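Remarks on the structure that follows.
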Amino acid sequence: MARRKKLYEGKAKILYEGPEPGTLVQYFKDDATAFNAAKSSIVDGKGVLNNRLSEFFMTGLGNIGVPTHFLKRLNMREQLIRAADILPLEIIVRNFAAGSMAKRLGLEEGTALPRPIVEFCYKDDKLGDPMVPEEYIIAFGWASQQDIEDMVALAVRVNDYLFGVMYGAGIRLVDFKIEVGRIWDGDYMRLVVADEISPDSCRLWDIETGRKLDKDVFRRDLGSLSDAYSEVARRLGVMPSSVTHATRPTIVN
Ligand code: UDP
């Protein structure tokens, strides 16, 4: 088979040209990075887990009518997606204080928020993805007022879905990040959930023990990242067997 044309390589994923116009192939790497890539490592099987988990969440969202870029999983590490113009924004939804919000407001991590809070960050690694108010987003032309309303509505629906799915698996959804893209059908434009939804972009705590099951395990050196992600996958019934290690060669004596 002809090698696919690489269009973009990011920290955790590679995008290749898709088989049809308007499609792309998204490849999940094993690279883990944090603090704007100041800390990085290879975590065996992470890409396989995130490919499956993102498929699971995107399919679930599609089933309840939330539009996403996801078309189908192709293999262990690749999925077919619709090409979308990604907005230069990260949309963060928080149910409990943690990370940058806990620091900014001097709140203890885990403090319940009065209601889910949606915030926007401007995607720029050099600037460290600063949080931006709606005024900036509109003034700099990154998105319109209508886009912002649509993004908040999408983010709240994603939160309700993810919160419920996680709760059913004994996991607290503390916060998460999504990205959205524009897809055009003729003159009609709509915003869809894009990129990925995985433990790389969520904070997930075991409801009983508080054990962290997300990228904070890597950021804060709390143990094995692949064990944490495998636990999420196992609880959601996404990967019943230890598929994560299937990419390793079997050594027969
Ligand atoms: N997040 C992300 N990518 C980013 C920044 C944040 O996926 O570039 C996720 C992060 O994993 C967490 C949520 O967004 O689930 C909120 O992150 P926060 O603003 O607290 O930043 P952090 O503490 O991760 O720097």
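According to the working numbering, the sequence shown is numbered sequentially starting from 10. The beta-carbon is built from N, C-alpha and C at its ideal position, and this holds for glycine as well. No experiment lies behind these values; they were computed from the predicted model shown.
So residue i and residue j are in contact, right, with Cβ under 8 angstroms, and what is the actual spacing, rounded?
i    : j    : result
D138 : E99  : 6 angstroms
S207 : N59  : 4 angstroms
I192 : A93  : 5 angstroms
E217 : G173 : E217 to G173, Cβ: 18 angstroms. No contact.
V102 : D184 : 6 angstroms
G19  : F37  : At roughly 11 angstroms, the Cβ-Cβ gap does not stay under 8 angstroms, so G19 and F37 are not in contact.
N104 : L182 : 6 angstroms
Q154 : I147 : 6 angstroms
Among residues of its own chain, excluding the 5 on either side of residue i, which ones have a beta-carbon nearer than 8 angstroms to its beta-carbon?
i    : result
I73  : R166 and Y170
L80  : T32, Q88, L89, I90 and R91
L83  : V34 and L89
L62  : I206, S207, P208, Y238, V241, A242, L245 and V247
A43  : S49, K224, F227 and R228
M198 : R191 and I192
S109 : M140
G27  : L33, V34, L89, I90 and A92
Y17  : I23 and L24
T259 : Only weak support exists for where T259 lies, its pLDDT of 49 falling under 50; the coordinates are left without a value.
Please list, in chain order, all residues of the same chain as residue i whose beta carbon is under 6 angstroms from its beta carbon, the five residues on each side excluded.
i    : result
V161 : V127
E143 : I157
S50  : A41
F66  : I206
D159 : L200
D204 : E188
Within 10 angstroms of its Cβ, does residue i collect 16 or more other Cβ (buried), or is it exposed?
i    : result
L136 : exposed
Y145 : exposed
S266 : Because the chain is modelled from 10 through 262, residue 266 falls outside the range shown and cannot be assessed.
M175 : buried
L231 : exposed
T120 : exposed
P115 : This sequence places Gly at residue 115; Pro is not what is there. So G115 counts as exposed.
A47  : exposed
R124 : exposed
G150 : exposed
D134 : exposed
G177 : exposed
G219 : exposed
R212 : buried
Spatial neighbours of residue i within its chain, please: C-beta separation below 7 angstroms, excluding the five flanking residues on both sides.
i    : result
K132 : P97, L98, E99 and D138
G195 : none
K15  : I23 and Y25
L70  : T77, V167, Y170 and V202
A164 : I100, V102, V127 and I187
N262 : Confidence at N262 is low in this model, with a pLDDT of 49, below 50, so its placement is unreliable and the value that follows should be read with caution. Closer than 7 angstroms at Cβ, skipping near neighbours: no residue.
Would you verify that the beta carbon of residue i is, or is not, closer than 9 angstroms to some beta carbon of chain C?
i    : result
E118 : No chain C is present in this structure, which holds just one protein chain.
Exercise. Of all residues in the structure, which have a C-beta closer than 6 angstroms to any heavy atom of the ligand UDP, taken in chain order?
Worked result: This criterion selects E99, I101, A107, G108, S109, M110, D138, D184, F185, K186, S210, C211, R212 and K224.
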